[in-house]
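Beneath this line is the structure, given in structure tokens, with notes to follow.
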Amino acid sequence: MPPIGLTAIQIRQGHPDFLDLPWHLPLNEWEGKSTRLVQVPRGLSRHEVLFVSYGKVIYALKELPPRLGQREYEALRGLEERELPAVMAVGLVRARTLSEDAAGEETSVLITRFLEGSLPYRTLFMNQGLERYRERLLDAMASLLVRLHLGGFYWGDCSLSNTLFRRDAGELQAYAVDAETSEIHEKLSDGQRQQDLLIMEENVAGGLADLAAVVQLPRALDVYETGPHIRKRYEQLWEEINKEIPVAKNESYRIHERIRALNDLGFSVGEVDLVANPGVSDHLRMRTIITDRNYHRHQLHNLTGIVAEERQATLLLNELQELRATLTRELNRSIPLSTAAFRWLEERFHPTIQQLQPVVGTTEVSEVYCQVLEHKWFLSEREKKDVGLQRAIVDYMELRKRQKDLTMSMLLLGGPASPLPARPEPAPIRAGDGRQEPTGGGA
């Protein structure tokens with residue numbers, strides 16, 4: 001019999017070697033055999049999936065037949081190289097395992113980095129306090145498919161279970177998880193895109209039907225209508241970013257207008273292609289080459305070094321621009337955006353995050369800062385005046401503490417924790433209502 005245990009392991013630089021894990025056993029027999037196992041909210045998977053922690057970093061391990069493991073590892077690396085939204089592949093292990101069913105059978109384990117702050121779709125429906133995110137699934141899924149298809153990625157198994165969602169200043173950003181059936185091309189044909197959309201519709205209907213047997217779905221997420229709605233939003237977005245417009249020789253401003261419109265949607269424009277417009281001698285056709293949907297993320301990171309989701313970056317840049325306008329007015333001279341960014345970090349962002357440390361928990365700092373900004377907006381609207389950032393911080397911290405105390409009390413009493421209204425006359429806080437929300441991930 002071939003030796004039992006590791007037969008091969010490839011791990012990317014900057015990660016643990018994972019040699020202390022019980023590779024001689026299949027994943028379903030690891031319970032009690034390793035102290036590194038951790039539990040996180042997770043979605044459904046057709047394969048065995050476990051999570052292990054090394055310091056503050058969590059990794060997802062998924063057991064697959066060797067051929068599928070190698071295929072998915074390469075697909076995820078390809079997605080990363082093209083800067084497309086997906087979990088990060090860290091390594092691939094091959095081992096022969098001892099089990100009650102089979103001895104010496106070789107298997108592979110795909111290792112991915114846990115997507116911090118992510119939520120499986122089932123958590124959005126099973127957890128009280130996340131109701132407002134449920135209908136955002138449609139835009140998140142449509143946007144994800146557009147980005148993947150622009151990058152030449154044919155998924156082949158797009159579904160809610162194969163997707164993770166991260167909160168993004170009141171919205172959701174979606175990430176691909178499973179890539180066993182995927183293919184990466186230079187460019188997708190219309191037939192490949194339509195096939196992917198058809199599979200998506202069927203899988204979304206199946207996923208929601210299973211969920212509807214457990215919880216009540218909101219009216220906006222009908223089992224059989226949600227997939228077509230996602231397709232419709234996808235087609236609208238695809239048409240917008242791929243449309244060509246005529247430009248006269250004296251209308252160069254239309255080029256800048258088009259670029260700004262795409263930037264507002266979050267897309268970065270890498271190239272503008274101008275070609276002769278047949279039949280109209282004084283007009284050109286303009287086609288824009290999209291690179292990714294991280295325009296504001298890139299801009300914020302270049303100015304501040306902060307890594308954020310796209311909508312979070314948009315909100316933070318808006319506040320940064322407001323500070324720049326205030327400084328320009330006060331100093332009576334133009335202020336570079338880089339100077340305003342430095343002042344914003346030193347005077348607003350870092351001090352705010354420092355004060356919020358007791359209640360931040362697992363929430364990402366960019367997200368919690370956006371929640372404070374939205375809470376400030378809510379308080380100011382209610383009181384018909386600008387309440388200021390410090391007042392919003394204090395009130396937000398009190399709200400989070402009250403929710404945490406209520407959750408602990410309900411757990412001690414053995415009952416479910418229900419949402420706590422913000423005030424006697426509650427109103428929604430668009431980017432965060434102060435409830436403790438779980439994080440999740442998957443492989």
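Here full-length UniProt numbering is used: position 40 in the sequence shown is 40, and no number is missing along the way.
Heads up, the beta-carbon is just placed ideally off N, CA and C, and yes, glycines get one too.
Between the CA atoms of residue j and residue i - distance to the nearest angstrom
{"i": "D292", "j": "L150", "result": "8 Å"}
{"i": "R82", "j": "S380", "result": "42 Å"}
{"i": "V223", "j": "Q236", "result": "21 Å"}
{"i": "I335", "j": "R324", "result": "6 Å"}
{"i": "I4", "j": "R166", "result": "39 Å"}
{"i": "G55", "j": "P22", "result": "18 Å"}
{"i": "L411", "j": "M397", "result": "Bear in mind that the predicted position of L411 carries a pLDDT of just 42, short of 50, making it unreliable; the figure below should be weighed with that in mind. Each residue's alpha carbon lies about 21 Å from the other."}
{"i": "R391", "j": "A220", "result": "36 Å"}
{"i": "S252", "j": "R402", "result": "56 Å"}
{"i": "A209", "j": "F114", "result": "27 Å"}
{"i": "S182", "j": "M200", "result": "13 Å"}
{"i": "A86", "j": "V146", "result": "13 Å"}
{"i": "R382", "j": "E322", "result": "21 Å"}
{"i": "A261", "j": "D139", "result": "18 Å"}
{"i": "G305", "j": "H256", "result": "27 Å"}
{"i": "K284", "j": "E271", "result": "The question names Lys, but residue 284 in the sequence shown is Leu. Approximately 15 Å between the Cα atoms of the pair."}
{"i": "Y369", "j": "T35", "result": "34 Å"}
{"i": "E367", "j": "A308", "result": "8 Å"}
{"i": "P65", "j": "A75", "result": "15 Å"}
{"i": "A431", "j": "E105", "result": "In this predicted model, A431 has a pLDDT of only 36, less than 50, meaning its place in the structure is not dependable; the value taken from the coordinates is given anyway. If I take the Cα positions, the gap works out to 49 Å."}
{"i": "S338", "j": "V365", "result": "21 Å"}
{"i": "S118", "j": "L197", "result": "24 Å"}
{"i": "N277", "j": "K243", "result": "14 Å"}
{"i": "K249", "j": "Y154", "result": "38 Å"}
{"i": "S418", "j": "L137", "result": "For S418, the predicted model reports a pLDDT of 38, less than 50, meaning its position is unreliable and no value from the coordinates is stated."}
{"i": "Q355", "j": "F378", "result": "20 Å"}
{"i": "M408", "j": "T352", "result": "With a pLDDT of 45 at M408, under the threshold of 50, the modelled position of this residue cannot be trusted; read the value that follows with caution. Taking the straight line from one Cα to the other gives about 26 Å."}
{"i": "D386", "j": "E346", "result": "22 Å"}
{"i": "G156", "j": "Q195", "result": "8 Å"}
Cβ of residue i within 7 Å of any chain C Cβ
{"i": "D292", "result": "No chain C appears in this structure, which consists of one protein chain only."}
DSSP state of residue i mapped onto helix, strand, coil
{"i": "S334", "result": "coil"}
{"i": "D17", "result": "coil"}
{"i": "A75", "result": "helix"}
{"i": "E201", "result": "helix"}
{"i": "D395", "result": "helix"}
{"i": "E48", "result": "coil"}
{"i": "G270", "result": "strand"}
{"i": "V307", "result": "coil"}
{"i": "P146", "result": "Before going on, a small fix: residue 146 reads as Val here, not Pro. Helix."}
{"i": "L320", "result": "helix"}
{"i": "L61", "result": "strand"}
{"i": "P85", "result": "coil"}
{"i": "V93", "result": "strand"}
{"i": "L208", "result": "helix"}
{"i": "A183", "result": "Note on identity: in this sequence residue 183 is Glu, with Ala being the wrong assignment. It is a strand residue."}
{"i": "E171", "result": "strand"}
Cβ-Cβ distance between residue i and residue j below 7 Å
{"i": "T112", "j": "A89", "result": "yes"}
{"i": "G227", "j": "L188", "result": "no"}
{"i": "K62", "j": "L6", "result": "no"}
{"i": "Q192", "j": "G91", "result": "no"}
{"i": "D168", "j": "Q312", "result": "yes"}
{"i": "G266", "j": "E310", "result": "yes"}
{"i": "L144", "j": "G207", "result": "no"}
{"i": "F125", "j": "V215", "result": "yes"}
{"i": "L315", "j": "A341", "result": "no"}
{"i": "I184", "j": "G69", "result": "no"}
{"i": "L148", "j": "L84", "result": "yes"}
{"i": "Y73", "j": "A142", "result": "no"}
{"i": "V359", "j": "R400", "result": "yes"}
{"i": "M286", "j": "I245", "result": "yes"}
{"i": "R94", "j": "A8", "result": "yes"}
{"i": "G170", "j": "P120", "result": "no"}
Residue environment, residue i, which counts as buried when at least 16 other CB atoms sit within 10 Å
{"i": "T123", "result": "buried"}
{"i": "L274", "result": "exposed"}
{"i": "V394", "result": "exposed"}
{"i": "H229", "result": "buried"}
{"i": "Q173", "result": "buried"}
{"i": "H375", "result": "buried"}
{"i": "F51", "result": "buried"}
{"i": "E180", "result": "buried"}
{"i": "I289", "result": "exposed"}
{"i": "P26", "result": "buried"}
{"i": "L19", "result": "exposed"}
{"i": "P421", "result": "Per-residue confidence for P421 stands at a pLDDT of 35, beneath the threshold of 50, marking its modelled position as unreliable; no derived number is given."}
{"i": "T328", "result": "exposed"}
{"i": "V49", "result": "buried"}
{"i": "G32", "result": "exposed"}
{"i": "H296", "result": "buried"}
{"i": "G414", "result": "Any answer about G414 is weak, because its pLDDT of 46 lies below 50 and its placement is not dependable; what the coordinates show is given next. When all chains shown are included, G414 counts as exposed."}
Rounded distance between the beta-carbons of residue j and residue i, thought under 8 Å
{"i": "R134", "j": "P218", "result": "6 Å"}
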